[in-house]
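In what follows, a structure is listed as structure tokens, so that the remarks can point back to it.
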Amino acid sequence: MAMGAPRVAASSAKQVTKRNFVEAVRELRGHLEACDYVAVAVQKTGAPTGWRRALPVDTAETAYLKAKHAAESFQPLQIAVCPFRLHAFPSKLVAYPYNFHLFPRDELQLGMPSYSFSCQSSYLSTMANDGFDFNMCIYDGISYLSRVQESVARQKIFTPQFQQLLPSPSTSVADSVFMTRIKSRIVQWRKGHAEPCKTADGSLVTSLSKLILGGELYGSRPSMSIDVCSDRQVQLVLEAVNLISDDLVPLVVPNKTGTVWTVRLVFTSSKEDKNLLLVCISRY
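Residue 1 is where the sequence shown starts when you use UniProt numbering, and the numbers rise one by one after that.
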């Protein structure tokens with residue numbers, strides 16, 4: 001008696017973003033080591049058309065140049081990885097699907113990978129009809145660098161350091177003006193994260209507020225950068241933070257010469273979150 005085709009059993013696809021990336025990769029590695037084969041698919045913002053498509057008459061060099069142009073023109077927004085494992089008794093094929101959401105974001109504040117890419121309306125419409133979550137992709141998608149960009153970034157990155165507030169000398173008029181301006185900016189920025197809008201249009205208002213006031217991310221935490229031109233201004237920023245709230249962690253960022261040129265404020269959601277951040281910083 002001939003055996004029928006194996007039954008297929010699949011769990012719901014795990015949506016992988018920057019928030020659960022480490023955990024998901026660890027889990028995926030285990031499935032890859034135990035699987036029988038793997039399927040991979042990429043969802044991009046478009047595809048080459050007309051003469052830019054690869055043709056049977058193309059030479060290897062021409063085909064490569066066309067593929068390179070397509071890769072540089074269209075942005076991959078999702079990479080699906082699905083390990084399969086075949087069970088003999090009972091005859092069953094088990095799938096473990098993962099959807100990695102990608103979005104180029106200049107998280108290191110180095111101007112990389114800040115670039116434009118092409119979109120085709122038909123592709124975006126199809127993705128929307130298939131239930132693709134563009135909000136999750138844009139806000140929580142995993143950012144990345146090419147190998148060349150990573151090498152450049154390693155040369156440019158300067159590790160932020162936590163710095164204690166020192167006793168303050170007498171304050172000049174210039175110090176008072178700087179302090180007032182910085183306090184107002186910090187308070188308005190922090191309010192957007194500590195006191196989200198409760199109205200029906202709250203999410204829209206909050207997004208517009210963050211756009212106007214400026215916002216960055218330090219890992220997964222909201223942050224903002226304040227440019228300074230002296231050690232005295234660094235201390236004034238630290239003093240302002242100390243007066244405003246305990247949920248802000250100030251980090252000083254040096255330049256190539258070791259001189260502080262930016263104070264980066266990181267918003268923490270709780271006392272435990274703040275302690276965790278300080279522990280992570282101390283390990284650098």
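Beta carbons are placed, not taken as given, at the ideal position from N, Cα and C, and that holds for glycine.
Own chain, CB closer than 6 Å to residue i, minus 5 neighbours either side, in chain order
{"i": "A80", "result": "A41 and N99"}
{"i": "C82", "result": "A39, A95 and P97"}
{"i": "L86", "result": "D36 and L93"}
{"i": "A54", "result": "A63 and K66"}
Reference residue i, options the options, closest by Cα
{"i": "C280", "options": "R105, G219, A240 and D246", "result": "G219"}
{"i": "K18", "options": "S91, L28, I138 and K44", "result": "I138"}
{"i": "S143", "options": "T268, F103, A128 and L86", "result": "F103"}
{"i": "E239", "options": "I182, G141, N135 and V148", "result": "I182"}
{"i": "D133", "options": "S122, H101 and V148", "result": "H101"}
{"i": "G50", "options": "K66, T59 and R105", "result": "K66"}
{"i": "F84", "options": "A13, N135 and D106", "result": "A13"}
{"i": "G131", "options": "Q78, D273 and V148", "result": "Q78"}
{"i": "E107", "options": "E150, Q120 and C119", "result": "E150"}
Reduced DSSP secondary structure (H/G/I, E/B, other) of residue i
{"i": "A39", "result": "strand"}
{"i": "V228", "result": "coil"}
{"i": "I212", "result": "Below a pLDDT of 50, predicted positions are generally treated as unreliable, and I212, at 49, falls in that range; no measurement from the model is reported."}
{"i": "C137", "result": "helix"}
{"i": "N99", "result": "strand"}
{"i": "Y64", "result": "helix"}
{"i": "C119", "result": "coil"}
{"i": "A80", "result": "strand"}
{"i": "L86", "result": "strand"}
{"i": "F178", "result": "helix"}
{"i": "K44", "result": "strand"}
{"i": "S184", "result": "helix"}
{"i": "R264", "result": "strand"}
{"i": "F21", "result": "helix"}
{"i": "V57", "result": "coil"}
{"i": "S143", "result": "coil"}
{"i": "R221", "result": "strand"}
{"i": "Q149", "result": "helix"}
{"i": "Q75", "result": "coil"}
Beta-carbon proximity of residue i to residue j, cut-off 8 Å
{"i": "V25", "j": "L32", "result": "no"}
{"i": "D247", "j": "A194", "result": "yes"}
{"i": "P70", "j": "P48", "result": "In the sequence under discussion, the amino acid at residue 70 is Ala, which differs from the Pro named in the question. Yes; because the gap between Cβ atoms is below 8 Å, this pair is in contact."}
{"i": "T268", "j": "R221", "result": "yes"}
{"i": "S184", "j": "F117", "result": "no"}
{"i": "Q15", "j": "M127", "result": "no"}
{"i": "V266", "j": "I186", "result": "no"}
{"i": "L124", "j": "T62", "result": "no"}
{"i": "D140", "j": "L236", "result": "no"}
Beta-carbon contacts of residue i that lie in its chain and below 7 Å, excluding the five residues immediately before and after
{"i": "R264", "result": "P160, Y218, S223, S225, L251 and V253"}
{"i": "E216", "result": "Q109, S223, M224 and S225"}
{"i": "C119", "result": "T45 and G46"}
{"i": "F21", "result": "I142"}
{"i": "M34", "result": "According to the sequence as given, residue 34 is Ala; it is not Met. R85, listed in sequence order."}
{"i": "S230", "result": "none"}
{"i": "K274", "result": "D247, V249 and T268"}
Other residues of its chain near residue i: CB distance less than 8 Å, five sequence neighbours each side excluded
{"i": "L243", "result": "K183"}
{"i": "M179", "result": "T171, L236, E239 and A240"}
{"i": "R52", "result": "K66, H69 and A70"}
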